[in-house]
Amino acid sequence: MNLMPQSLSKYYRLFVLSWQNGLVYRTSLLIWRLRQLLSTLMALTIWSVIFTDQSSAFSYTRSEMISYVFLVSILQSLILASSLHSLAGDIYNGNISQQLLKPQNLFMHFSALEVADKLRNVFFSLIEGAALYALFMPTIIWPSLQTWFVFIIWAILGTVIHFFITIIFGSIGFWSPETWGPKFLFFMILDFTAGKLYPLDILPRAVQQVLLITPFPYLSYVQIQLFLGRLTSTQMAWGWISLLIWTVITWLVAQWVWTKGTKGYEANGL
Amino acid sequence: MRSRLNTYFKVWWLTAANAAQSAFINRWSNALFMLGKILRLIMMLVFLFLLKDRQLSIAGYSSDQVVLFFLTYQIIDVTAQIFYRGVYVFSQKIRTGEFDFYLLRPISALFRALTGQPDLNDALFLVLFLPVMVAVVWQLDVHITLPSLLGYLVLLLNSFMIVTALHIAVLTIGVLTTEVDNIIWMYRDLIRLGQFPVTMYWAPIRFVLFFVVPIGLMITIPAQVLLNVPPSVNLGLATLLGIGSVIISLQAWHWALKQYSSASS
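Line by line, the protein sequences give chains A and B. For the first sequence, the numbering used here assigns the number 12 to the initial residue and increments by one for each residue that follows. For the second sequence, the numbering used here assigns the number 126 to the initial residue and increments by one for each residue that follows.
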């Protein structure tokens, strides 16, 4: 018996197809995961060798820093993994036309693809995490159940913010095929604000304060700080406010850009 | 011989001029790309100087010494991207059949495939980066002598040979399988491990990085020589492996061409 409402079953089918599609090119998937593993391996090695003759550095203990690297690799598989990197190209080339003509909500369509991609990445990053755990044998810090709960909500909010940012970048395709420049800059900024190599709070305080008013730290950094128990109650409150504000802002901007783009969209001769 | 070299230079120059014109069409994208690269460089240097500030060392190297490993990585990676960007679009050339036309022309198909799309962005980045590098090195507390500098420059040539061999190997895989994208990005991630001395990695990984995908020979050994630190691999062996890798990759390329049967048609 199918208990799923008719309106949702098509998105579930899309999710299943996207999941299966991601497993078709197994060598590509394997190399992609291996690439992710290499960056985690580099960060783990650096901090392990730094902590061989130090008990703490940058106000982090060895366990905290190693936990940070482990968490960031898993969390980025959830928050930053995306199947929509080619969205701008699909729009500019007119490939999006067939999706626009179907009786579906396109945001739901994208969401189904994204969820499948993220779950696949999280699944593999957990396996890699287990392999790295066996190799480095770190002491991972585990928070309370209550913190776990907040952490999961914050991770979901971070995922939603990144989804809307991806839609905003993809929407550039309505006007120009050149999206790789802004995307590259975005990922470079993300690389040090939520990066695997080092946490944001080792940077000078002024840089941290500027970055905390941007959406970047809310795409991994604050979630991990919460997990490691490094946030005061005031910082937690600011975390909630900032995450909610950035979710609303990115949602409004994504809606606005998408609507503006589709209104002027033409795809002759396809 | 000289006129042949002139021909190759003219072809390369024409390709570079076309790539430059193409880059100028997308000025904003290129400007943001450049900004991203500069930002990445600055943030990595900031990280290394923060290590210095806390007097932290990595695998027995001071943070000042680690800066030199990182700068060596930058030189090799950026130079390879300037000249060998063609590799990144090679699978497309195979799939569309454009590579077949390379084979028909009176110029090496390998040369066209390898140097097909010089990267103006990276060339500009290198021009900006070199003075910054000199300024950074100037204020580092490292022991560099004239012989060590000369040895470094010679070993950089060896590194460039290895980089060339690795790019030819990627093209060879492309000819055989039409798949290049994943392999070249895998190489980029592997070379990134060389931002730090590869001696810090776990022994099996260290072995791979010295002798299988010789990132260590390309980056760690020249930097060790520059710092007057005993190299992890004998210099004669490193040079032999550099020359050997080019010979083997060329042999593999010629063998792969014999197997090629035009993927597109």
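Just so you know, even glycine gets a beta-carbon here, dropped at the ideal spot from N, CA and C.
Subject >> residue 378 of chain B, buried or exposed, once every other Cβ within 10 Å from all chains shown has been counted against 16 >> reply: buried
Original post:
Any contact of the stretch 307-319 of chain B with the stretch 339-354 of chain B, i.e. 3+ C-beta pairs under 8 Å?
Top reply: In this structure the stretch 307-319 of chain B touches the stretch 339-354 of chain B; the number of beta carbon pairs closer than 8 Å is three or more.
Original post:
If you draw a straight line from the C-alpha of residue 180 of chain A to the C-alpha of residue 180 of chain B, how long is it?
Top reply: 41 Å
Original post:
Distance, Cα to Cα, residue 221 of chain A vs residue 214 of chain A?
Top reply: The C-alpha of residue 221 of chain A lies about 11 Å from the C-alpha of residue 214 of chain A.
Original post:
So, is the C-beta of residue 307 of chain B closer than 7 Å to a C-beta in chain A?
Top reply: So, interface residue.
Subject >> Paired residues, beta bridge with residue 182 of chain B - DSSP >> reply: B:187
Subject >> Chain-ordered neighbours of residue 343 of chain B on chain A, where CB pairs are closer than 7 Å >> reply: Close partners of residue 343 of chain B in chain A (Cβ separation under 7 Å) are lacking, with about 16 Å as the shortest Cβ gap.
Original post:
Curious, which full-length alpha helix (DSSP H) runs of at least 4 residues does the stretch 59-111 of chain A contain?
Top reply: 73-90, 98-104
**OP:** Identify whether residue 158 of chain B lies in helix, strand or coil by the three-state DSSP scheme.
**Re:** helix
Subject >> Exposure of residue 243 of chain A, with buried meaning 16 or more beta-carbon neighbours within 10 Å >> reply: exposed
**OP:** Assign residue 152 of chain B to buried or exposed, taking buried as 16 or more other Cβ atoms, counted over all protein chains shown, within 10 Å of its Cβ.
**Re:** exposed
Original post:
Looking at C-beta atoms only, is the number of pairs between the stretch 52-69 of chain A and the stretch 238-252 of chain A that lie closer than 8 Å three or more?
Top reply: no
Subject >> Cut-off 8 Å between Cβ atoms - residues of its own chain near residue 194 of chain B, not counting five sequence neighbours on either side >> reply: 186, 319, 320, 321, 322, 344, 345, 348
**OP:** Determine which residues of the stretch 177-204 of chain B have a Cβ less than 8 Å from any Cβ of chain A, and write them out in chain order.
**Re:** Within the stretch 177-204 of chain B, the qualifying residues are 179, 181, 182, 183, 184.
Subject >> Runs of alpha helix (DSSP H) wholly within the stretch 227-278 of chain B (minimum 4 residues, chain order) >> reply: 234-240, 245-263
Original post:
Comparing alpha-carbon positions, which option in B:286, B:359, B:335 lies nearest residue 372 of chain B?
Top reply: Considering only alpha carbons, the answer is B:286.
Original post:
Does the Cβ of residue 99 of chain A have 16 or more other Cβ atoms within 10 Å, making it buried, or fewer, making it exposed?
Top reply: The residue is buried, with at least 16 neighbouring Cβ atoms inside 10 Å.
Subject >> Neighbourhood of residue 290 of chain B by C-beta, 6 Å cutoff - its chain only, sequence neighbours within 5 removed >> reply: 370, 371, 374
Original post:
Since residue 146 of chain B is in the alpha helix (DSSP H), which residue starts that stretch and which ends it?
Top reply: 127-150
**OP:** For the stretch 182-196 of chain A, enumerate the residues whose C-beta is nearer than 7 Å to any C-beta of chain B, in chain order.
**Re:** Of all residues in the stretch 182-196 of chain A, those with a C-beta nearer than 7 Å to a C-beta of chain B are 189, 191, 192, 193, 195, 196, reading in chain order.
Original post:
For residue 269 of chain A, which option in A:96, A:218, A:54, A:183 has the closest C-alpha, if you only look at C-alpha atoms?
Top reply: A:183
Subject >> Other residues of its chain near residue 230 of chain A: CB distance less than 7 Å, five sequence neighbours each side excluded >> reply: The answer, listed in chain order, is 90, 91, 169, 172, 173, 201, 205.
**OP:** Could you name the residues of the same chain whose beta carbon sits closer than 8 Å to that of residue 5 of chain A, not counting the 5 residues immediately before and after it, in chain order?
**Re:** No statement about residue 5 of chain A is possible, as the shown extent of chain A runs from 12 to 281 and does not include it.
Subject >> Cβ of residue 46 of chain A within 7 Å of any chain B Cβ >> reply: Cβ-Cβ to chain B under 7 Å: yes for residue 46 of chain A.
Original post:
Would the beta-carbon of residue 209 of chain B fall within 7 Å of that of residue 268 of chain B?
Top reply: no
Original post:
Can you name the residues of chain B whose CB is closer than 7 Å to the CB of residue 60 of chain A?
Top reply: 183, 184, 325
Original post:
In chain order, what residues of the same chain lie with their CB nearer than 6 Å to the CB of residue 275 of chain A, ignoring the 5 residues before and after it?
Top reply: none
**OP:** Just mark residue 252 of chain B as buried or exposed, buried being the case when its beta carbon has 16 or more other beta carbons within 10 Å.
**Re:** exposed
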